Structure formats: structure tokens, C-alpha cells
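Student: Sharing a structure here in C-alpha cells format.
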Amino acid sequence: MNKIQYENIVTPAGRAIYPWLINPDTKFNALGEYKVSLSLLSSEAEPLIKKIDEAMEKAKALAPEGKKIKLQDPPYYNEVDVDEQETGNILFKFKSKAQIQTKDGKTVRISPKLFDAKGTLLRDVDDIWGGSKIKISADLAPYYVGAVGAGVSLRLKAVQIIELVKGGGNADSYGFEATEGYEASSEASQSGFDTADAQEDF
């Protein structure tokens, strides 16, 4: 089986849907998962879709030669509203494990790093609600598993908060403006993200 190196990607700023970024979701996985869906305009989504589709071809190449390959659904799909009508946006699904087991049997807890619009590392965010405007850093991970087939996962690494929504409100209700962004007073750290007004993400 061929080995493959994961590619890191940084998304454009989009709207967070059902974010689990502060505490992991344990409903279907006792070890917990951090996860979030990101809503992007279809025009902004095209470069990421292209990268995912290219990674799917790499995932197929991981299968044994001559074996019929079952393909998993890609980690993106058309967004629909409450009336099941397409919005014109694309949703991307990101997730990461909250715990991993090392070779010596130890359990290591991991969580996505959070940064503000200026690239400052955040350590005291109480919660991040749906509707927050964020960018995501993730590993584009092709895989092949005999029991399930070939696919691509978007492994969540870090999140940059451009506009923070807390307590169930939306960005407009809090008076946020994308050009100003969310800025914290915590100690600066290298984030790997561009500033909030960056235009090129791929």
C-alpha cells in the first residue's frame, strides 16, 4: 500500500454550523470528537472542492491493485434551509479526535487551537456558537480502509475566529463587522493564519 503525506489547507472565512470547538461531542464516540461544519459561498468553495476531489483520487490509489473500491461520500455537500431548499452555499465537515492512544498505552488529550482575527492564541474562550465567522486550518487526509472503502477526511487542527457569536445571537445582533474582527488581549502566538482581511487562502 502506498503511503501518502497529508496536505494542510486553510479555508476562506465562513459561517460555523453546529460547532463543537470548546468541548468535544461524546454522543456517538465516548472518547469525544471536536467538529464543526463550515458554510461557504459556492464560488469560494470551489478551490477546496477541487483539492478534496484530487485527494479522493489519491485515496483510491491506496487500495490494493485490482480490488473493487467502495467510495465514501466526500466531506462536503449542498447546504439547504429549513424548507429543504438549497441556499447556494456549500457545507464542509471538519472533525478531530479529542483523545489518542500512544504506542505505550498512554491517553493524550488534544484539542483544536483557537486564534483571534489578529492571530493571537486564545486560552479563555467560553463558547463558540453557530453563526460565528471563522477560518479553519485542517489536514486533507485521504484514506483507504478495507471495511469501508476510500475517502477523504478534513482533520481539524485550528480555528481563527473572525466574528464571535455567543449565547445564541447572531453576528449582526452583536454589531460585529468583518473588517474589524474579533481581537483578544491574550498573549500573541504564531497561528499560521493570515490576518482577517486576507484574500488568498489556497
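All residue numbers in the sequence shown are consecutive under our numbering, ending with 203.
Even for Gly, the Cβ is constructed at its ideal location relative to N, Cα and C.
Note that the structure is a prediction, hence the values are computed from the model and not measured.
When burial is assigned at 16 or more other CB atoms within 10 Å of the CB, is N90 buried or exposed?
Tutor: Its Cβ being crowded by 16 or more others within 10 Å, N90 is buried.
Student: Mind checking whether A185 and T121 have CB atoms under 9 angstroms apart?
Tutor: Cβ distance < 9 angstroms, so A185 and T121 count as in contact.
Student: Between P65 and G147, what straight-line distance do the alpha-carbon atoms span, to the nearest angstrom?
Tutor: If I take the Cα positions, the gap works out to 9 angstroms.
Student: Measuring straight from C-alpha to C-alpha, what distance separates Y78 and I50?
Tutor: Whole-angstrom Cα-Cα distance: 10 angstroms.
Student: With 16 as the cutoff for other CB atoms within 10 Å, does E149 come out buried or exposed?
Tutor: The amino acid at residue 149 is misidentified as Glu; the sequence shows Val. By the neighbour-count rule (16 or more Cβ atoms within 10 Å), V149 is not buried but exposed.
Student: For the alpha helix (DSSP H) containing A60, name the first residue and the last one.
Tutor: It spans 43-62 - the alpha helix (DSSP H) in which A60 sits, taken as one unbroken run.
Student: Have a look at D128, K114, S133 and flag the residue whose alpha-carbon is nearest the alpha-carbon of L39.
Tutor: Out of D128, K114, S133, S133 has the C-alpha closest to the C-alpha of L39.
Student: Just how far apart, CA to CA, sit N9 and N30?
Tutor: Each residue's alpha carbon lies about 25 angstroms from the other.
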